[in-house]
Amino acid sequence: MTDLVITRVFDAPRELVYRAFTDPDQIAAWFGPIGWSVPRDSIDIDARPGGKQAFTMVNDDDPSMSSPVNATFTEVIENELLVGEENVSHIPDFGADKMVMRIELFDEPPGRTRLVLTQSPFPEAMAGGAKEGWGSSFTKLDKILKA
Numbered sequence: 001m002t003d004l005v006i007t008r009v010f011d012a013p014r015e016l017v018y019r020a021f022t023d024p025d026q027i028a029a030w031f032g033p034i035g036w037s038v039p040r041d042s043i044d045i046d047a048r049p050g051g052k053q054a055f056t057m058v059n060d061d062d063p064s065m066s067s068p069v070n071a072t073f074t075e076v077i078e079n080e081l082l083v084g085e086e087n088v089s090h091i092p093d094f095g096a097d098k099m100v101m102r103i104e105l106f107d108e109p110p111g112r113t114r115l116v117l118t119q120s121p122f123p124e125a126m127a128g129g130a131k132e133g134w135g136s137s138f139t140k141l142d143k144i145l146k147a
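For what it's worth, UniProt numbering labels the leading residue of the sequence shown as 1, then goes sequentially.
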């Protein structure tokens, strides 16, 4: 097991990047790697400690392939920090019962945002695919932030 850490700089202020992770309409517009989407009606988000984040990623070519996310926020600082825990015991070969995801947002001049995403514990065998998936998702997010 390892910590999966991904850093990305977005050409948008922190407030806009934060909103992209907490607004259901925006999540539906960008979340999921290319080839996957998140139906708006599957999204339920309450960004506060104890609040839920639930949605389902669906494969665009084969809608019978899906990946549900059902997490609980443990820490929330608006425009700065989102921390959530998800039960992952149902995922074959994951090797842990719970995964923590931490999203930290930092100002980067001029008017940009550095995002640091950490997921742990994370199976090393799955880390490469996850990094690729996040990179693909963030490419979609770049387009949303520039609109």
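Glycine included, C-beta positions come from ideal geometry on N, C-alpha and C.
| Check | Outcome |
| --- | --- |
| Nearest-angstrom Cα distance between Phe94 and Gly111? | 38 Å |
| Could you pull out every residue in the same chain whose Cβ sits closer than 6 Å to the Cβ of Phe55, ignoring the five residues on either side in sequence? | Val38, Ser42, Ile43 and Val69 |
| Considering only DSSP beta bridges, list what Ala54 is partnered with. | Asp44 and Asn70 |
| Within 10 angstroms of its Cβ, does Leu105 collect 16 or more other Cβ (buried), or is it exposed? | buried |
| Ignore the nearest five residues each way along the sequence and tell me which others in Arg8's own chain have a CB closer than 7 Å to its CB. | Leu115 and Phe138 |
| Report the residue from Ala47, Ser89, Asn79 and Gly50 whose alpha carbon sits nearest the alpha carbon of Asp107. | Asn79 |
| In the DSSP assignment, find the unbroken alpha helix (DSSP H) run with Val17 in it and report its ends. | Arg14 to Thr22 |
| What does a CB cutoff of less than 8 Å around Val83 pick up in its chain, not counting 5 residues either side in sequence? | Phe73, Thr74, Glu75, Val76, Val100, Met101, Arg102 and Ile103 |
| With H, G and I counted as helix, E and B as strand and the rest as coil, what does DSSP make of Ile27? | helix |
| From what residue to what residue does the alpha helix (DSSP H) around Ile144 run? | Glu124 to Lys146 |
| Mapping DSSP to helix, strand and coil, what is Met65? | coil |
| How big is the Cα-Cα spacing for Leu145 and Pro92? | 35 Å |
| Candidates Ala12, Met1, Thr118 and Thr22: which alpha carbon is nearest Ala147's? | Ala12 |
| Between Glu85 and Val17, what straight-line distance do the alpha-carbon atoms span, to the nearest angstrom? | 20 Å |
| Among Leu117, Met1 and Asp23, whose alpha-carbon lies nearest the alpha-carbon of Ala47? | Asp23 |
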